[in-house]
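J.: Read top to bottom, the protein sequences are chains D and R.
FYI, the numbering used here numbers position 241 of the first sequence as 244, with every residue one higher than the one before it.
FYI, the numbering used here numbers position 173 of the second sequence as 383, with every residue one higher than the one before it.
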Amino acid sequence: MTLLYIPERRAATPWHRLDPLTRLTVGVATMLAAVLLGGVICPLLLASVAVVLPAALAGVLRDVLRTGLLLALPLAVSVVIVNVLFATGTTEQGIAIAAEVVVRVLTMAAAAVLFYATTRPSELVASLQYHGASPRLTFVIHNGVAMIPRLAERAREVTAAQRARGLDTEGSWPRRARGVLAVAAPTVLGAVREVEARTLALETRAFARPGSRTVLWPPHDTAGQRVARWGILVALLVLFVARISGAPLPC
Amino acid sequence: MGVSGAWLRVGGGLVVFVLVALGGLSALAGLDVDAALDRFALVMMVAIPAGVAVYALVEYLQTGRLDSITRQFDTRTLVLMPVAMALNIVLGTVVASALKVPIYLDSIGTILVAALAGPLAGAATGFLSNVIWTYLAPPPFGSPFAVPFAVVAVVVGLLAGTFARWGWLRPRRGASGRQLAVGGALSISALIVMTLLALRVWLAAAGADGIAPEADDGAFLILGWVAMSLIVVTAVGLVVLLVRRRDLAAAYILLAGGITGVVAAFMAAPIAASLFGGVTGSGADFVIAAFRQAGADLQQAVLGQSLISDPVDKVITYFVVYLILGAMATRTKARFPQGQYLLPAAADDDDPAVYP
């Protein structure tokens, strides 16, 4: 399975050693706070503390910044076009809006990239289960992630098979458009049909058994991390209440 | 478990949803939240979970269990959900970033699960799809901008599951001539209105100079062609369904897609406008630029784009799901929690025991 996850280059860094749930809390909170804060300076400060610092600690700063920029670039270009070139107000207003949105989008992208570049999905799933999530939920999450490359792979296989039978995938646009159905239908229907077999396989292995499961790789959770997670939640709540009750920007 | 018990739960959930929504709207009226649309999206985020929670509470008080909810999450559904989520993410990414057409096609899996398993299963699929899309999807499929729209996916799942529960997605072949005539007239006029709207916006966008600075005119025309052909194929497919196969389901698909699309537009537009300045990096941005060119402010432009894109997108999605369901074996469908409502009208005598 190909993942963006970047294997630790040295021994696990302090950031990698954190409970994945703590890292997820930091990531989600950063994205929410980037929205709630508004302005340009506040999100930049937030990004340097909650994204750049951990990324540097984990030794993935370059990758996080590069991928974050790449992800945010198309959106940033559109933001500038829509708000500056096609603005109804003055150009200054358009630039102010565009700057705010670009900073927000960059922060959100970098926060998401930091999380998935440093966390294996299986690690997060194990942590969620350790913290009491239902095994059914963790099954769905983990399988959903694993299914994405598998579905893409299946589409490639179907395309190869259909080409072997004479499907034209390199002709003019209308011709290629006609080929879409010949690839999409077997890909989707095959995946749906497989559900039946996998259901039987799971049922014979006591998947639906009630009760808790033993987690084989418990995460390194500590009292400090628990306090930090709750602290982050409380801070977010305070920020939310302050913003909707009209408090001025802190910076 | 009587019918009246089920009505009490649904009614209780709806009443609380409406109360929370109205209360929230009036409570936020005096506060500094940018626009009326923002308030709407914000309040929905609280009101929908509140409604679902009350539904669950009433059922627990009535029966001491949560059967109608847990029944929607049997093993079969839990195996289908990851497939559906992958479908959402892969198709959504391909359509948004590769094709750049102003529709999304990122809810086929959500509506498929909702139809087969029920509203809450559909809502869970939609929510998890958008969360995974942002936090866990492997490249090149990840998108940091999916997670704020999770609440929209939840609503799409809830609506689709409810419509399927009402039997809107079951084949209705062999309808009487009068039914076909009425259904056909309504559907075709709805199709014409939607096509005209889409065409008008597309022409406006194509006519404005410099909308797509990175893309030369030829590429832009091809993209428009792909979008229009998708719409045309769906329209033709629906008419074929109606006229050739005398299947009245086409009218129900249009109705379901239209309602879902309009509701989704009102939820998604404020999120896109206030978080991302109205753009999502997809083909829809061209439409927004066209509206702004015409002098609309940002909120109006985004809502206008959503009101055109979303119903078209959802009608296409429901149609694709209907085709997928049609290609599935009857016994496979019937084994899902809500499968009996997807079988042809004649086979259903409202007795689930027939399909164990």
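Beta carbons: idealized from backbone N, C-alpha and C, even for Gly.
Quantities reported herein were computed from a predicted structural model and do not represent experimental measurements.
Excluding the 5 residues preceding and the 5 following alanine 102 (chain D) in the sequence, name in chain order all residues of the same chain whose CB lies nearer than 6 Å to its CB.
T.: Excluding positions up to five away in sequence, the list reads Val43.
J.: Specify whether the region 283 to 301 of chain R and the region 144 to 156 of chain D touch according to this definition: at least 3 beta carbon pairs, one from each stretch, less than 8 Å apart.
T.: As far as the Cβ criterion goes, the region 283 to 301 of chain R touches the region 144 to 156 of chain D, which means the pair count is three or higher.
J.: Is the CB-CB distance between valine 300 (chain R) and leucine 154 (chain D) below 8 Å?
T.: Yes, they are a contact pair.
J.: Using a Cβ-Cβ cut-off of 7 Å (strictly less than) and excluding sequence neighbours within five positions of alanine 129 (chain D), which residues of its own chain qualify?
T.: Excluding positions up to five away in sequence, the list reads Val218, Trp220, Pro222.
J.: Contact between the region 375 to 388 of chain R and the region 506 to 515 of chain R is defined here as three or more beta-carbon pairs at a separation below 8 Å; is this criterion met?
T.: Output reads no: the region 506 to 515 of chain R does not touch the region 375 to 388 of chain R.
J.: Using beta carbons (cut-off 8 Å, strictly below), is glutamate 126 (chain D) in contact with chain R?
T.: Output row for glutamate 126 (chain D): interface = no.
J.: Taking the alpha carbon of leucine 184 (chain D) as the point to measure from, which residue in D:Glu95, D:Glu197, D:Gln165, D:Thr94 has its own alpha carbon closest?
T.: Cα-wise, what sits closest to leucine 184 (chain D) is D:Gln165.
J.: Tell me which same chain residues have a C-beta within less than 7 Å of the C-beta of proline 17 (chain D), skipping the five on either side of it?
T.: So the qualifying residues of the chain are Leu60.
J.: So, is glutamine 550 (chain R) buried or exposed, given that buried needs 16 or more other C-beta atoms within 10 angstroms?
T.: Classification of glutamine 550 (chain R): buried, given that the 10 Å Cβ count is 16 or more.
J.: Suppose contacts are defined by Cβ-Cβ distances below 8 Å. Is isoleucine 100 (chain D) in contact with glycine 487 (chain R) by that definition?
T.: In contact: isoleucine 100 (chain D) and glycine 487 (chain R) (Cβ atoms closer than 8 Å).
J.: Return the chain-ordered list of same chain residues with a C-beta closer than 6 Å to the C-beta of alanine 327 (chain R), the five sequence neighbours on each side being excluded.
T.: Result list for alanine 327 (chain R): Gln282, Thr287, Phe546, Pro547, Gln548, in chain order.
J.: Do the region 361 to 369 of chain R and the region 330 to 349 of chain R make contact, defined as three or more Cβ pairs closer than 8 Å?
T.: Yes: at least three Cβ pairs fall under 8 Å.
J.: Where do the N-terminal and C-terminal ends of the alpha helix (DSSP H) with tryptophan 18 (chain D) fall, by residue?
T.: Residues 17 to 20.
J.: Taking only beta-carbon positions, decide if methionine 538 (chain R) is within less than 8 Å of chain C.
T.: No chain C appears in the structure shown, which is made up of the protein chains D and R.
J.: Let me check understanding here. Comparing Cα to Cα, which of D:Arg107, D:Leu49, D:Leu64, D:Pro138 lies closest to arginine 3 (chain D)?
T.: Because chain D in this structure spans residues 4 to 254, residue 3 (chain D) falls outside the shown range and cannot be described.
J.: Output, in chain order, the set of chain R residues within a Cβ distance shorter than 7 Å of isoleucine 151 (chain D).
T.: Within chain R, the residues near isoleucine 151 (chain D) are Ala296, Ile299, Val300, Ala347, Pro348, Phe351.
J.: Return the residue from the list R:Ala385, R:Leu267, R:Asp284 that minimises the CA-CA distance to proline 554 (chain R).
T.: Checked all of R:Ala385, R:Leu267, R:Asp284; the closest Cα to proline 554 (chain R) is R:Ala385.
J.: Check the DSSP bridge columns for aspartate 457 (chain R) and list the partner residues they point to.
T.: R:Arg383, per the DSSP bridge assignment.
J.: For glycine 471 (chain R), which residues of its own chain have a beta-carbon under 6 Å away from its beta-carbon, when the five flanking residues on both sides are left out?
T.: So the qualifying residues of the chain are Asp520, Pro521, Lys524.
J.: What residues in its chain sit with their C-beta under 8 Å from that of arginine 20 (chain D), if we drop five residues either side in the sequence?
T.: Taken in chain order, the residues that qualify are His223.
J.: Would you say glutamate 3 (chain D) reaches chain R, if we count a Cβ-Cβ gap shorter than 8 Å as a contact?
T.: Since the first residue shown for chain D is 4 and the last is 254, residue 3 (chain D) is missing from the structure and cannot be characterised.
J.: Do proline 57 (chain D) and valine 106 (chain D) have their C-beta atoms closer together than 8 Å?
T.: Not a contact, by the Cβ cut-off of 8 Å.
J.: Closer than 8 Å, CB to CB, is threonine 167 (chain R) near chain D or not?
T.: Chain R is shown from 211 up to 566; residue 167 (chain R) falls before or after that span and cannot be answered.
J.: Name the chain R residues whose beta carbon is nearer than 8 Å to that of serine 51 (chain D)?
T.: Correct list: empty, because the minimum Cβ distance to chain R is about 18 Å.
J.: Let me see if you follow: with CB-CB separation under 8 Å, is alanine 499 (chain R) close to chain D or not?
T.: Taking Cβ atoms only, chain D reaches closer than 8 Å to alanine 499 (chain R), which makes this a yes.
J.: Contact defined as beta carbons within less than 8 Å: I believe valine 268 (chain R) pairs with leucine 218 (chain R). What is the distance between those atoms, to the nearest angstrom?
T.: With 8 Å as the limit, valine 268 (chain R) and leucine 218 (chain R) qualify as a contact, their Cβ atoms being about 6 Å apart.
J.: Taking 8 Å as the threshold (beta carbon to beta carbon), is glutamate 156 (chain D) in contact with chain R?
T.: Not one chain R Cβ lies under 8 Å of glutamate 156 (chain D).
J.: Given 8 Å as the limit, is there contact between the region 217 to 236 of chain R and the region 236 to 245 of chain D, that is, 3 or more CB pairs closer than that?
T.: Judged by Cβ distances under 8 Å, the region 217 to 236 of chain R makes no contact with the region 236 to 245 of chain D, as fewer than three pairs qualify.
J.: How big is the Cα-Cα spacing for alanine 238 (chain D) and valine 31 (chain D)?
T.: So the alpha carbons of these two residues sit roughly 13 Å apart.
J.: Using CA coordinates, which residue listed in D:Val54, D:Asn86, D:Ala194 is at the minimum distance from glutamate 156 (chain D)?
T.: Closest option to glutamate 156 (chain D), Cα to Cα, is D:Ala194.
J.: If you follow the alpha helix (DSSP H) that threonine 542 (chain R) is part of, which residue opens it and which one closes it?
T.: Run containing threonine 542 (chain R): 540 to 544, per the alpha helix (DSSP H) assignment.
J.: For leucine 433 (chain R) and chain D, any beta-carbon pair shorter than 8 Å?
T.: Its pLDDT being 49, under 50, leucine 433 (chain R) is placed unreliably in this model, and the value from its coordinates should be taken loosely. Leucine 433 (chain R) does not count as touching chain D.
J.: At which residue ranges does the region 265 to 337 of chain R contain complete alpha helix (DSSP H) runs of 4 or more residues, listed in the order of the chain?
T.: Counting only runs of 4 or more, we get 277 to 280, 285 to 303, 318 to 327.
J.: How far does the alpha helix (DSSP H) with isoleucine 144 (chain D) in it extend, from its first residue to its last?
T.: Isoleucine 144 (chain D) -> alpha helix (DSSP H) spans 138 to 167.
J.: Less than 7 Å between C-beta atoms, sequence neighbours within five positions excluded: which residues of the same chain meet that for valine 226 (chain R)?
T.: So the qualifying residues of the chain are Ala260, Gly261, Val264.
J.: Does DSSP classify glutamine 548 (chain R) as helix, strand or coil?
T.: Coil at glutamine 548 (chain R), not helix or strand.
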